[in-house]
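> Handing you this structure, nothing more for now.
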Amino acid sequence: MKQRTTPCVLESCDFSGKTIVPYCTHEGSGLGRSERDIKRLCPTAKVLSVSGDNRRDG
Numbered sequence: 002m003k004q005r006t007t008p009c010v011l012e013s014c015d016f017s018g019k020t021i022v023p024y025c026t027h028e029g030s031g032l033g034r035s036e037r038d039i040k041r042l043c044p045t046a047k048v049l050s051v052s053g054d055n056r057r058d059g
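According to this note's numbering, the sequence shown holds residues 2 to 59 in order.
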């Protein structure tokens with residue numbers, strides 16, 4: 002099963018000024034392109050970069 006971001010939710014909600022923390026419940030492939038997709042779909046939100054248990058501002 003290919004991992005994908007749910008674009009319809011991200012496009013239909015206003016995330017202006019919000020912080021989004023992407024996470025993955027299956028670490029097999031990590032976040033894939035999800036972080037990039039979220040940033041594209043929610044350009045006015047702050048999207049944190051997540052790598053394993055380490056978070057850093059992105």
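Glycine residues also receive a C-beta, built at the ideal position from the N, C-alpha and C atoms.
Does DSSP classify Ser35 as helix, strand or coil?
If DSSP states are grouped into helix, strand and coil, Ser35 belongs with the helices.
> Label Val10 either buried or exposed according to how many other C-beta atoms from any shown protein chain fall within 10 Å of its C-beta, with 16 as the threshold for buried.
By the neighbour-count rule (16 or more Cβ atoms within 10 Å), Val10 is not buried but exposed.
> Assuming Val48 and Leu32 form a contact by the criterion Cβ under 8 Å, report the distance between their Cβ atoms to the nearest whole angstrom.
Contact flag wrong, Cβ pair sits at about 11 Å.
> Between the Cα of Ser24 and the Cα atoms of Ser35, Leu42, Pro44, Phe16, which residue gives the shortest distance?
Looking at the sequence provided, one finds Tyr at residue 24 rather than Ser. Taking only the C-alpha atoms, the option nearest Tyr24 is Ser35.
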